[in-house]
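Engineer: Residue numbers (this note's numbering): 1279 to 1637.
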Amino acid sequence: MAKRYLILEDGSAYAGEGFGAGATTSGEVISNLNLLGYQETITDQIYHNQIIIFAQPAIGNVGINHDSYESILPTAKGMVVRDVTNISTNRLSRLSLDEFLQQHNIPGISGIDTRHLIRKLRQEDGPMKGSIVDVADAHAFDQLNATVLTNRQVDQVATPKPYPNPDTGKNVVVIDFGLKHGILRQLSERRCNVTVLPWTASAQDVLNLDPDGVLLSTGPGSPLDLGEGVLDMIREVQAEIPLFAIGLGHELFALANGAELTMLPVEYHGSSHPIRRIITNDIIYATQGQGYAVIAKSIDRDRLITTYVDLINGTVQGLRHRDFPAFSVQFFADGAPGPHESRDLFDEFMEAMTARREG
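(1) So N1535 and D1488 are supposed to be a Cβ contact under 8 Å. How far apart are they, rounded?
(2) Reducing DSSP to helix, strand and coil, say where D1322 ends up.
(3) Any contact between the segment 1428 to 1439 and the segment 1300 to 1309? By contact I mean 3 or more CB pairs, one from each, below 8 Å.
(4) At which residue ranges does the segment 1480 to 1506 contain complete beta strand (DSSP E) runs of 3 or more residues, listed in the order of the chain?
(5) For the alpha helix (DSSP H) that L1373 lies in, which residues bound it at each end?
(6) Considering Cα atoms alone, identify which of G1294, V1307, H1344 and F1378 is closest to R1360.
(7) Excluding the 5 residues preceding and the 5 following I1324 in the sequence, name in chain order all residues of the same chain whose CB lies nearer than 8 Å to its CB.
(8) Rounded C-beta distance between V1411 and T1437? I'm assuming under 8 Å.
(9) If you drop the 5 nearest sequence neighbours on each side, which residues of the same chain put their C-beta closer than 8 Å to that of M1279?
(10) Can you name the start and end residues of the beta strand (DSSP E) that E1545 belongs to?
(11) Would you check if the segment 1582 to 1598 and the segment 1627 to 1635 touch, i.e. whether three or more CB-CB distances between them fall below 8 Å?
(12) Here's a check: name, in chain order, each residue in its chain whose Cβ is nearer than 6 Å to the Cβ of R1598, leaving out the five neighbours to either side.
(13) I'd like the list of long-range same chain contacts for P1405, defined as Cβ closer than 6 Å, with 5 residues on each side in sequence excluded.
(14) Give the straight-line distance between the Cα atoms of G1341 and R1372, rounded to the nearest whole angstrom.
(15) Please list, in chain order, all residues of the same chain as Q1381 whose beta carbon is under 8 Å from its beta carbon, the five residues on each side excluded.
(16) Measure the C-alpha to C-alpha separation of R1579 and Y1546 and round it to an integer number of angstroms.
(17) Just list the alpha helix (DSSP H) runs in the segment 1559 to 1624, keeping only unbroken ones of 4 residues or longer that don't cross its boundaries, in chain order.
(18) Can you tell me which of A1354, I1331, I1519 and I1512 puts its alpha carbon nearest to the alpha carbon of L1395?
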């Protein structure tokens, strides 16, 4: 494997060995604390234009399989790991990680002290740009510093046209902000007849399909960049049809109902994260990919109820509307890559749709 470098905009450089594609790439550098599920992570569209540092030291030992894709075409910009292996005894494996990254032109770099690097990122105030390059010279740093990261991530990863995921059950419209396939799998397990719409769809576009329910998907980037049209759509739809929002959808649901958001000093990406379900006071463990948080003091208590709270940093993790069958969660309710304790939220969504039809 050829020697390569991860360079950061603060002038630091980390030498390692390249794997995957040999491309030179730049993006926002973030850390992921998942112990399992690197395939689900690298194919999740919330990592669009990001270089992912994996805290798990050994990556690649289960290969790549057909059942763990979260998108067809991953758009992450790179992987940074301590150790990489291309030997797998997993019976489901169809490709090695190295082969997979080469297919999608995603570079990786191994041999990096990822614990030190993650600690460094957590000490920074705000996101940091980085590049994976062949030579860590002045030209590479100049190129990195001149790079302007896009704020149109949703535009670049969400579907531009509607498409169906047919079945024979309840009619569900999914608004795609960077949809992960785990959401479609959960709806398919419940026999939902799904139509996926672009994030630019109007309330009338949604209502014309006569859905039993509407789901706002996860996605990358800032919800503040998507404009008032999305919030208007949410306000109209939530008053007519049961609505369930996840991740970026949760943040948009909060904005549409008068709450405010704050950007986290460091994005949090990890699994087995303890979250308290307020109504029962029990603890669930879930996967998160969070860069923004709802400001608790900004929540209009006449409109919204807080349903879940993060036990580590105290952030709002779930909301429910007082007047409409509409609710949201910040964490990944589909449980991909796991844990699976929050999948019952899809059952709750199904119950809301049934209640509306029977009422």
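Backbone N, C-alpha and C fix where the C-beta goes; we use that ideal spot for every residue, glycine too. Being a predicted model, the structure only gives us computed values, none of them experimental.
Structural biologist: Once the coordinates are examined:
(1) The pair is not a contact, with the Cβ atoms about 24 Å apart (cut-off 8 Å).
(2) coil
(3) Contact between the segment 1428 to 1439 and the segment 1300 to 1309 is absent, because fewer than three Cβ pairs lie under 8 Å.
(4) 1491 to 1494
(5) Unbroken run through L1373: none, as it is neither H nor E.
(6) G1294
(7) Hits under 8 Å: G1456, K1458, T1496, G1497, P1498, G1525, L1526 and G1567.
(8) Contact flag wrong, Cβ pair sits at about 33 Å.
(9) E1295, G1296, F1297 and S1388
(10) L1539 to R1555
(11) As far as the Cβ criterion goes, the segment 1627 to 1635 does not touch the segment 1582 to 1598, which means the pair count is below three.
(12) I1583, T1585 and F1605
(13) E1306
(14) 7 Å
(15) In chain order, L1373 place their CB closer than 8 Å to the CB of Q1381, counting only its own chain and leaving out the 5 sequence neighbours on each side.
(16) One C-alpha to the other measures close to 27 Å.
(17) You should have found no qualifying run.
(18) If we check each option's Cα against that of L1395, I1331 comes out closest.
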